[in-house]
Every structure is written in structure tokens, then in C-alpha cells.
Amino acid sequence: MDAMREMTFRTSTSGRMCLLTGGSLHGPDAEQPATDKGASSSFVGGIVWGIQLEDSAAGLQVRNRLRGSWRPIRDVLRRSPTVHHVIVLYRRGPGHRPRSCKRFAYAAATDFHARAERELGWDVDVVFIDVTDCASHARLNARLLQYVRTHPSPNIWGALSLDWADVRDRSVHDVAAEIFA
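Dropping the structure here:
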């Protein structure tokens, strides 16, 4: 497991907040955004976890890889009780069908949301996003920061599975509101 990295940024209502990032999703420009580096955060508002599925066979192995990320995420949640948002980014392999992966991701998001309530005793929104077609890490980072900044507490949906096309030009909150309207 990769070491958790911290992205800290200012919020309008709470001073400072940070996102913890970890997992195995890497890309040529997957570095952290330059936002308040070195600032000490008052609380962790979200976790961004990456899963690389490119080396997984299709079907059950993809499902198991997605669900298998619960344990390390749970361990981070136990150390960070202020987290209200878990964002899991994954990249499909060339032989993976997008709709199947999205269904597996939604099942994992629903499972993670229920487990957080059952095992940890608090409400956490869980959003899985397929970033296979994402060409702009800067735009993705901006979307994630926007989501956690503007919605520091859990929302009403609990679990979501989206792809990059859903959030490329719209906020996670707007997409979720449309889905659950």
C-alpha cells in the first residue's frame, strides 16, 4: 500500500481542511495540486483512493479488486474521524466493459457506505469515479476539491458510481442531484 499523502486547502467555513490520497492509481502527471502546501490542517475532509484495474482480468477479479480496497480505506477512516467523503478513482483495463465496471463500482460504493455505518458508526459518502478517459489531472483535482469543499458534511445519497464524462464539466453534487431527483 502506498503511503497516504495530504492535500491541504483553505475552506470558506472551517479554516483548513485536507484530503488524504493513497492507493495505486498513477499517471504521468498524477502529482498533487499546489494548494496550501505545508499548511497544518484542522481536519481531514475526504479520502481519495486510487485503484489500477488495468492488470485485472474482467469480471469477478475486477469486482474483488474494487471491494478489496475497503480494508485500507477503513484503516484510514479509523484514524481520521472527520472524514465525510471517500472518493475512489479507478482506471479500467482495455478489455473491461465500462457498464460492468460501473455496476461493480456502485455495488462496492453501497457496500463501503453500509460498512462505514456498521463498523465505524458514522455516515460517509462514497463515490467511485472511472477516470479511464480523464486527460486532465488538474481538472479532476479541481472537481474533487470542489466536491469536498462545498459539501463538507455527508450528502443524501451515500453511494455513487460515476465516470469521467459525468463530472468533466459538472460538479459531483450536480450529477448526484440529477441522478437522485
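The sequence shown stops at residue 606 when you use my numbering, and every number in between is there.
Glycine included, each C-beta is placed from N, C-alpha and C at the ideal position.
Query raised in the report: Do you know offhand how far S505's Cα is from E603's?
Result: Here residue 505 is taken as the residue at index 80 of the sequence shown, counted from 1. Here residue 603 is taken as the residue at index 178 of the sequence shown, counted from 1. Going from the Cα of S505 to the Cα of E603 covers about 30 Å.
Report task. Could you give the DSSP three-state label for I498: helix, strand or coil? Result -> Translated into the one-based positions of the sequence shown, residue 498 becomes position 73. Here I498 sits in helix by DSSP.
Report task. Would you mind sorting N566 into buried or exposed? The rule is 16 or more other CB atoms within 10 Å of its CB. Result -> Mapped onto the sequence shown, residue 566 falls at position 141. By the 10 Å Cβ count, N566 comes out buried.
Query raised in the report: In whole angstroms, what is the alpha-carbon distance linking G484 and Y572?
Result: Residue numbering aside, residue 484 sits at position 59 when the sequence shown is read from its first letter. Residue numbering aside, residue 572 sits at position 147 when the sequence shown is read from its first letter. Between G484 and Y572, the C-alpha separation is close to 30 Å.
Report task. Please work out which residues of its chain come closer than 8 Å, Cβ to Cβ, to R488, disregarding the five sequence neighbours upstream and downstream, and give them in chain order. Result -> As a first step, residue 488 must be located in the sequence shown, where it is residue number 63. So the qualifying residues of the chain are F529, A532, A533.
Query - Exposed unless 16 or more other CB atoms sit within 10 angstroms - verdict on F605 - result: The sequence position of residue 605 within the sequence shown is 180, counting from 1. Looking at its Cβ environment, which holds fewer than 16 other Cβ atoms inside 10 Å, F605 is exposed.
**Report entry** Among R540, H562, R517, nearest to D480 - alpha-carbon criterion
**Finding:** Within the sequence shown, the letter at position 55 stands for residue 480. D480 has its Cα closest to that of R517, out of R540, H562, R517.
**Report entry** Status (buried if at least 16 other CB within 10 Å, exposed otherwise) for G546
**Finding:** In the sequence shown, the residue the question calls residue 546 occupies position 121. Label assigned to G546: exposed.
Query raised in the report: What is the DSSP secondary structure of L585, reduced to helix, strand or coil?
Result: Along the sequence shown, read from residue 1 onward, the residue named residue 585 stands at position 160. Residue state, collapsed to three classes: strand.
Query raised in the report: Rounded C-beta distance between V549 and V508? I'm assuming under 8 Å.
Result: Translated into positions along the sequence shown, residue 549 becomes position 124. Translated into positions along the sequence shown, residue 508 becomes position 83. Indeed they touch by this definition, with Cβ atoms about 6 Å apart.
Requested in this report: Return helix, strand or coil for L485, following the three-state DSSP convention.
Outcome: Here the question's residue 485 lines up with position 60 in the sequence shown. Here L485 sits in helix by DSSP.
**Report entry** Member of R490, L502, A482, D558 whose CA lies at the smallest distance from the CA of R543
**Finding:** Taking the sequence shown and counting its residues from 1, one reaches residue 543 at position 118. For the residues R490, L502, A482, D558, the minimum Cα distance to R543 belongs to L502.
Report task. Assign D591 to one of two classes, buried (16 or more other C-beta atoms within 10 Å of its C-beta) or exposed (fewer than that). Result -> Looking up residue 591 in the sequence shown gives position 166. Answer is buried; the Cβ neighbour count reaches 16.
Query - Candidates T535, I498, W474, Y515: closest to C559 by CA position - result: Taking the first residue of the sequence shown as 1, we reach residue 559 at position 134. Ranking the options by Cα distance to C559, first place goes to Y515.
Query raised in the report: Between the C-alpha atoms of W589 and S561, what's the straight-line distance to the nearest angstrom?
Result: Within the sequence shown, numbered from 1, the residue matching residue 589 stands at position 164. Within the sequence shown, numbered from 1, the residue matching residue 561 stands at position 136. For W589 and S561, the distance between alpha carbons rounds to 10 Å.
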